[in-house]
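Chemist:
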Amino acid sequence: MQGYIDQGLMAGITTLVARYGSVVHFRKFGFQDLETKKPVASDTIFRIYSMTKPITTAALMMLYEQGLFHLNDPVSKFLPEFKTVKVWVKEDKLVSPEREITMHDLLTHTAGLSYGDDENSPVDPLYKEADLWASDITCEEMVRRIASLPLRYHPGQVWCYSVATDVVGRLVEIFSDTSLAEYFDEKILRPLKMTDTGFSVPPEKADRFASLYGLTEEGSLGPIDTSEYGDFFNVKLFSGGHGLVSTAEDYLRFAQLILNRGVLGDVRLLGRKTIELITMNHLPQTLLPLKMGDELMPGLGFGLGFSVILDISQANIMGSVGTFQWGGWANTHFWIDPQEELIGILMLQYVPSGTYPITNDFRALVYQAIIE
1 MQGYIDQGLM AGITTLVARY GSVVHFRKFG FQDLETKKPV ASDTIFRIYS
51 MTKPITTAAL MMLYEQGLFH LNDPVSKFLP EFKTVKVWVK EDKLVSPERE
101 ITMHDLLTHT AGLSYGDDEN SPVDPLYKEA DLWASDITCE EMVRRIASLP
151 LRYHPGQVWC YSVATDVVGR LVEIFSDTSL AEYFDEKILR PLKMTDTGFS
201 VPPEKADRFA SLYGLTEEGS LGPIDTSEYG DFFNVKLFSG GHGLVSTAED
251 YLRFAQLILN RGVLGDVRLL GRKTIELITM NHLPQTLLPL KMGDELMPGL
301 GFGLGFSVIL DISQANIMGS VGTFQWGGWA NTHFWIDPQE ELIGILMLQY
351 VPSGTYPITN DFRALVYQAI IE
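Heads up, the sequence shown is in UniProt numbering, so the first residue is 1 and it goes up one at a time.
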């Protein structure tokens, strides 16, 4: 990890490993801000972007346990605007979907929605035109705009990583009759003592918020204009797909709850069987391998909010069959390995994700150290 800092590829990195319920490794490298030379600390706050998704999924499944919906329920039962959604089939031709989008489709990214970042898709430019992440709109308005867009695929026919989890976040608001931020705070963050996790950074914690970096036009490491990647100070849009900030220690508490099958200390948020349902593969072989953009992800399946390792030899990453994981746009990443009772968390702030193989490097370092 230090090599990434020494080569000037990354500004700062945090690595954390827990096994058998205890932290066995917690290291900080480099700086949370290069200009001020402030080192990365234990309490440095990071944009976790899509590592928000597993927490949003957990929130919805807590409401599922209350009997408020079934996984095969049509989304339009709770969001009527999805009743009239159409599917793009070719230029200037939209058709009705072969079946409605279900709650299960949203949780598994098989709803036919997109993220609007595929240049080869005629639908995706419409996502940009819809300005889904405008800072002055609410989750309700965002989802209304999503429902006005054509689907890329018929529901259930293709795995396509998408804004589906933002729709999930809106459903949490509907079922709980409160904002997603309030539900997270009351039902998940405060019970788990995740005191530095939320949709915004309070003014008194601003000096702990890591700067975001990437490649400049000159090809060197430099700060990125954060306005393009979310405002974390004056937040109105609570994005269930990518809206949270957190620390390594905070996120460990959530990950440990999942590894413990729904309980952390004396706090239980989910039942054991619900955790099993969330973390198992839900995709048939016909929807595999997973594909994000042009990148194939062989050996992986997808549960409810997490990818799941099905075949180590195909996945070409260190781990165990049944390991579940996800990451964020700024190269944050976590995984939970039930076989080894192990959690790995990687925190940094570099966009775009996947530029360097830092996640695989970290995993290799972790697993080579296991001797019993």
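Think of the CB as a built atom: it goes at the ideal place given N, C-alpha and C, for glycine as much as any other residue.
1) Enumerate in chain order the residues of its own chain whose CB-to-CB distance from T15 is below 7 Å, with the five nearest sequence positions on each side excluded.
2) Out of L212, V123, E186, M103, point me to the one whose CA is closest to D33's CA.
3) Taking 8 Å as the limit between beta carbons, can you name the residues of its chain near I146, skipping five residues before and five after?
4) Between which two residues does the beta strand (DSSP E) holding H25 run?
5) What does the alpha-carbon distance come out to for the pair Y4 and V308?
6) In the DSSP assignment, what are the bridge partners of Y350?
7) CA-CA distance, I371 and R47?
8) Find the nearest neighbour of G327 within the set Q339, D207, G354, Q314, judged by alpha-carbon distance.
9) Could you tell me the alpha carbon to alpha carbon distance between G222 and A210, rounded to whole angstroms?
10) Among all the DSSP beta bridges, which residues are the ones paired with I329?
11) Looking at W335: is its Cβ nearer than 9 Å to the Cβ of G322?
12) Assign V87 to one of two classes, buried (16 or more other C-beta atoms within 10 Å of its C-beta) or exposed (fewer than that).
13) Leaving out five residues before and five after E204 in sequence, what residues of the same chain have Cβ atoms less than 7 Å from its Cβ?
14) Hey, F29 and V17 are a contact pair by Cβ (cut 8 Å); roughly how many whole angstroms apart?
15) Closest to L304 by C-alpha separation, out of K37, P54, I13, V201, would be which residue?
16) Sort out for me which residues DSSP pairs D337 with in a bridge.
17) Straight-line CA distance for L348 to I13?
18) Buried or exposed for H70, please, with buried defined as at least 16 other CB atoms from any protein chain shown within 10 angstroms of its CB.
19) Unbroken beta strand (DSSP E) runs of length 3 or more, entirely within the region 63–118: which are they?
20) Excluding the 5 residues preceding and the 5 following T110 in the sequence, name in chain order all residues of the same chain whose CB lies nearer than 6 Å to its CB.
21) Would you mind working out which of P352, V235, V172, Y367 sits nearest L106, comparing C-alpha positions?
22) Would you tell me roughly how many angstroms separate the C-alpha atoms of R190 and D250, rounded to the nearest one?
23) Taking L63 and S176 to be in contact with their CB atoms under 8 Å, please state how far apart those CB atoms are, rounded to whole angstroms.
24) What does a CB cutoff of less than 6 Å around V235 pick up in its chain, not counting 5 residues either side in sequence?
25) For M194, which residues in the same chain have their Cβ closer than 6 Å to its Cβ, ignoring the five residues on either side in sequence?
26) Please state if the CB of P125 and the CB of E91 are separated by a distance shorter than 9 Å.
27) With C-beta atoms as the reference, is L237 less than 9 Å away from C139?
28) What separation, rounded to the nearest whole angstrom, lies between the Cα atoms of E340 and G319?
29) Work out the CA separation of Y49 and N331 for me, nearest whole Å.
30) Find the nearest neighbour of G214 within the set N281, L94, I224, judged by alpha-carbon distance.
31) Per DSSP, V235 forms a beta bridge with which residues?
32) Tell me the DSSP secondary structure of A18 in three-state form.
33) Tell whether a beta-carbon distance below 9 Å holds between M51 and H282.
34) Thinking just about the alpha-carbon of each residue, which of E295, T359, L277 is nearest to the one in I317?
35) To the nearest angstrom, report how far apart M280 and F306 are at their CA atoms.
Modeler: In brief:
1) M1, H25, R27, L346, F362
2) L212
3) L113, A130, L132, V163, D166, V167
4) 22–33
5) 28 Å
6) Y213
7) 33 Å
8) G354
9) 13 Å
10) According to the sequence provided, residue 329 is Trp. The question's Ile does not apply to it. BP columns for W329 are empty, so no partner.
11) no
12) buried
13) none
14) Contact doesn't hold; Cβ gap of about 14 Å is too wide.
15) P54
16) L342
17) 5 Å
18) exposed
19) 87–90, 93–95
20) G156, W159
21) V172
22) 11 Å
23) 7 Å
24) F199, S200
25) D250, R253
26) no
27) yes
28) 9 Å
29) 9 Å
30) I224
31) BP columns for V235 are empty, so no partner.
32) strand
33) no
34) T359
35) 9 Å
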